Amino acid sequence: MKQHVGPWVILVAVLVLFAPFWGAGRVFVPEDFLNFVYPWKAVSDGRVHNLELFDVTVFFFPQDVFINQRLKKGDLPLWNPHIFSGHPLVASGQSGLLYPPRLLAHRWLGPGQARSLLLLVHTLWMGLAMWFWLRHRGLGDFGAGVGGLCWMLNGQMASWFEFEHLVVMGPYIPTMFYCIDRALAGDPRWWAGLALAGGLCLHTGHLQIVFYGGLLVIFYALVRLTLTRQWKGLLGFGAAGVGVVLLAAPTVLPFLELLRRSQRPDFAFEQLQKFSPSFTSLLATLWHPDILGNPARGFMLNRCSANLIYPEFACYFGLIPLVLALLALWPGESKFERREVMAWAALALVSLLCAATTPFYRLVLLVMPLLSKAMPGRFLVSFVMAASVLAALGADRLDQPETRARARRAGGVVSGLALVILLVAAVLLLVMPDTLLGWLAPYSNPGYIKIPPHGPDFARDLLVGLRHNYLGNPHFYLPVVSGLALFLGWRKEVLLGLVALDLWLFAAVFNTTVPAHQLLPSTPSIAYLQSQPGLFRVEKQAAAFYNTLTPYGFDLLSGYESMFSMRYAETMRRAEPKGEITMRSVSLSNFDSPLIDAMNVAYLLQAPLELKPPQGWPLVFSDDIKIYRNPEVLPRAFVVGRAHVLPGPLAVLDYVSGPQFEPAKEVALELPAPAPVEEAAAQGKVTVVDYQPDRVELLAELPAPGVVVLSDTFYPGWVCHSSLGELPIYPANGASRAVFLPAGRHQLAFSFEPRPFYLGLKLAVLGLVLVVLVALLGKPGGKPIQGE
323 MKQHVGPWVI LVAVLVLFAP FWGAGRVFVP EDFLNFVYPW KAVSDGRVHN LELFDVTVFF
383 FPQDVFINQR LKKGDLPLWN PHIFSGHPLV ASGQSGLLYP PRLLAHRWLG PGQARSLLLL
443 VHTLWMGLAM WFWLRHRGLG DFGAGVGGLC WMLNGQMASW FEFEHLVVMG PYIPTMFYCI
503 DRALAGDPRW WAGLALAGGL CLHTGHLQIV FYGGLLVIFY ALVRLTLTRQ WKGLLGFGAA
563 GVGVVLLAAP TVLPFLELLR RSQRPDFAFE QLQKFSPSFT SLLATLWHPD ILGNPARGFM
623 LNRCSANLIY PEFACYFGLI PLVLALLALW PGESKFERRE VMAWAALALV SLLCAATTPF
683 YRLVLLVMPL LSKAMPGRFL VSFVMAASVL AALGADRLDQ PETRARARRA GGVVSGLALV
743 ILLVAAVLLL VMPDTLLGWL APYSNPGYIK IPPHGPDFAR DLLVGLRHNY LGNPHFYLPV
803 VSGLALFLGW RKEVLLGLVA LDLWLFAAVF NTTVPAHQLL PSTPSIAYLQ SQPGLFRVEK
863 QAAAFYNTLT PYGFDLLSGY ESMFSMRYAE TMRRAEPKGE ITMRSVSLSN FDSPLIDAMN
923 VAYLLQAPLE LKPPQGWPLV FSDDIKIYRN PEVLPRAFVV GRAHVLPGPL AVLDYVSGPQ
983 FEPAKEVALE LPAPAPVEEA AAQGKVTVVD YQPDRVELLA ELPAPGVVVL SDTFYPGWVC
1043 HSSLGELPIY PANGASRAVF LPAGRHQLAF SFEPRPFYLG LKLAVLGLVL VVLVALLGKP
1103 GGKPIQGE
């Protein structure tokens, strides 16, 4: 057991971190964010542990709830009817819909338990996979243990923890490194293993994050190929890449189609700088994750003009590991060739320069223009991997007298500097608080200080937050102990324990757990809406942020996603010119447009603030929140007897946004009508027989030829079957669907059958067959790696 302390420390660290889950029935879902917004704010104490985790509550968890509910009904939902009047979930790029472990977890567990179990399993797997790969590369247990802990619990992983995707992807990176090593050692079957791991990795969820993980794998393969001169391995690596693409096609192809149809822009370099922290602030947080504040401790500086959340800038990987990583750069005996050590160091530096969007990043954008659609901070994924490897190499050299002597000197400096920081903080916060607040006054605005929020008691709250973050924070005292441990030459097991404690302290404090039974709390207003009959959409104003109403079964005109259809975005801009329509979200503030009626918006939730009520909408509820009812709302599906054909999509949008548009009587089309219609058709009736995410069944009864309008989003892949055969679906009123019908009784079945997804399934089957054949028929052989 003494030979393998690393895996045991990794296991204990994971079990302690997840003790609230397995020991107390709590789940890693920051559902307490609901206390911050109406209607939940009206019936709660308003306390929120970490506001920076709000994306989980308003986007990721509602999505998980929907997937969980559908899987329990035996349905794999490709379409989400709850946001944007319908959205292609399979094309999201952030749903992880097809990742097998996620499907199993959500099929058999509740949404909170499924998320927490996935996090537990992948966190443990991540640490052990890193340890195993480093051991395979020749490092001792201590070095591999340091590397495993750093990769598993670094600040990037820990702060993105409850978002899930980075953690779920994490184990696959060292796993793929191992596959590359084994394949280059002469066993081509491991190229099949690389393809399988890469394919699964692409299904884990966040394709932007996986893209950066892919860059890491390419970097490692090129380094190993260069050092070992096994150039024939390029063919194997290329073939594995083809296998990855084939296996991931069901996720990637629908995503690419939505990307092509979305409004996600290419950002200019100057725009990307607004999404980035300064290089010096990144260096500062390498010393301590809370040096510039921690949202869970009551104080945090705003580190970029775009006001992005803390995880976008997190790069801490431990103080002892930082010292060890720097020691790894000194010349001396190492398990890795000197050139490879320098390659990892170069990767770490380049990643930091890119994450901070320094002028160097301009050159990167010239080489890889696709990065203009992504956040530069994602490069911190490659930084923490490079830093973890360097820390492991430095730890592995700690037995060398020269390295041990340097570690002692560095430890003394660390302890001394930590004591000075604590002393200065104590003097300023306890002896000279008024002077400190005076110094901070020029910077005490939302552009510089993000937490605490600005209000009448800001000065008091700021002082409390500063004291809590710097003096009442046990994590700020740990550097003194860590430095002493290095200075006094404490045993490796103790150092490993201190590394685990250091990283655990941040992860445990930053993240939120809540009792599983407290998920999805109801309110009187939610209960009222759930009691209303029929299909309808709901909108909100200064309440129920983004997708927070969807887990309760409500459909929204608005929504929040990684991207959505440009057609839908432009339609909403015309419906509400003063609304906030971004590349990711729709949020409306005016509800007078006839398009609101046509899109089946029946109710508006409005926070109990000084807000203008929608004109002509009666107030029907006013307990925890105001609810207004739209008297002009049209059904989810209806018949009209006039087809107004206009010359193109822009002309349609101009028409439907004007006062002349009468959605109850006419439909605006951008394509020629296939047959004439009669106004008498408007006397017809449409009944919704069944309404499921991927299938909508209608019964239409028309006294004359007319048009059936379904106010769900128009998107490729939807087909309509009827007794007349397959009917073409026309874009209607900008973003809805329409079919033309003759007089009579018709049964209609709309089903979502996206071609990219089904083509992707065929390609994935082909890829799986090829992977199995290579694994079964490949034979070990070839020239083993030289230069290890």
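The numbering used here numbers the first residue of the sequence shown as 323 and each following residue consecutively.
From the three backbone atoms N, C-alpha and C, an ideal C-beta is built for every residue, glycine too.
Since the structure is predicted, the reported quantities are computational estimates derived from the model, not experimental observations.
- The stretch 886–942 is shown to contain whole alpha helix (DSSP H) runs of 4 or more residues at 888–897, 916–920, in chain order.
- Of all alpha-carbon atoms in L933, R859, L1092, S884, the one lying nearest the alpha-carbon of D1034 is that of R859.
- Using a C-beta cut-off of 8 Å, the stretch 882–893 makes contact with the stretch 578–587, since at least three inter-stretch Cβ pairs fall below that distance.
- In this structure, the alpha-carbon of W1040 lies about 51 Å from that of R459.
- In the DSSP assignment, H790 falls within the alpha helix (DSSP H) that extends over 780–792.
- Note that the C-beta distance between F867 and S481 is not below 8 Å.
- Rounded to whole angstroms, C676 and A647 show a C-alpha spacing of 20 Å.
- Annotation: W447 to L471 spans about 11 Å, alpha carbon to alpha carbon.
- A straight line joining the alpha-carbon of G345 with that of P837 spans about 11 Å.
- Here the C-alpha atom of W473 lies approximately 56 Å from the C-alpha atom of L1021.
- Scanning its chain for C-beta atoms nearer than 7 Å, with the 5 sequence neighbours on each side dropped, one finds around V327 the residues D463, G467, E815, L818, in chain order.
- K695 sits in a helix when the DSSP states are folded into three classes.
- If one requires a minimum length of 4 residues, the alpha helix (DSSP H) runs lying completely within the stretch 683–734 are 702–718, in chain order.
- Take T835, set aside five residues on each side of it, and the residues of its chain with a beta-carbon closer than 6 Å to its own are P342, R348, F350, in chain order.
- If you draw a straight line from the Cα of A708 to the Cα of A667, it is about 7 Å long.
- Nearest neighbour of F798 by Cα position, chosen from G465, N616, C637, turns out to be N616.
- Residue burial is scored here from C-beta neighbours: I540 has fewer than 16 other C-beta atoms within 10 angstroms and is therefore classed as exposed.
- The distance from the Cβ of R424 to that of G418 is about 5 Å, consistent with a contact at the 8 Å cut-off.
- With a beta-carbon spacing of about 11 Å, L820 and V802 fall beyond the 8 Å limit used to define contacts.
- Here Q1069 really is in contact with S1045; their C-beta atoms are around 6 Å apart, less than 8 Å.
- In this structure the stretch 1055–1073 lies against the stretch 965–982, because at least three pairs of beta carbons, one per stretch, are closer than 8 Å.
- In this structure, the CA atom of Q854 is about 47 Å from the CA atom of H790.
- S366 carries a coil assignment under DSSP once its states are collapsed to helix, strand and coil.
- Residues V1041, C1042 of the same chain have their beta carbon placed closer than 8 Å to that of E1048, with the five preceding and five following residues left out of the count.
- Counting every other CB atom within 10 Å of its CB across the protein chains shown gives E579 a total of 16 or more, marking it as buried.
- Below 8 Å, too few C-beta pairs join the stretch 687–701 and the stretch 638–652 to call them touching: fewer than three.
- Judged by DSSP in its simplified three-state form, K772 adopts strand.
- When secondary structure is reduced to three states using DSSP, C1042 falls in the strand class.
- Ranked by Cα distance from Y360, the first of E1075, S907, P846 is P846.
- Here the stretch 721–738 makes contact with the stretch 626–645; the two share three or more CB pairs at distances below 8 Å.
- DSSP places I502 in the helix class (H, G or I) of the three-state scheme.
- Annotation for L339: W826, A829, A830 place their beta carbon closer than 7 Å to its own, counting only its chain and skipping 5 residues before and after.
- In this structure Y1037 touches S887 by the C-beta definition: roughly 6 Å separates them, less than 8 Å.
- A residue is called buried when at least 16 other Cβ atoms come within 10 angstroms of its Cβ; S915 meets this threshold and is buried.
- According to the DSSP assignment, F1036 belongs to no beta strand (DSSP E), since it is labelled neither H nor E.
- Residue range 591–596 is occupied by the alpha helix (DSSP H) that includes Q595, with no beta strand (DSSP E) assigned at that position.
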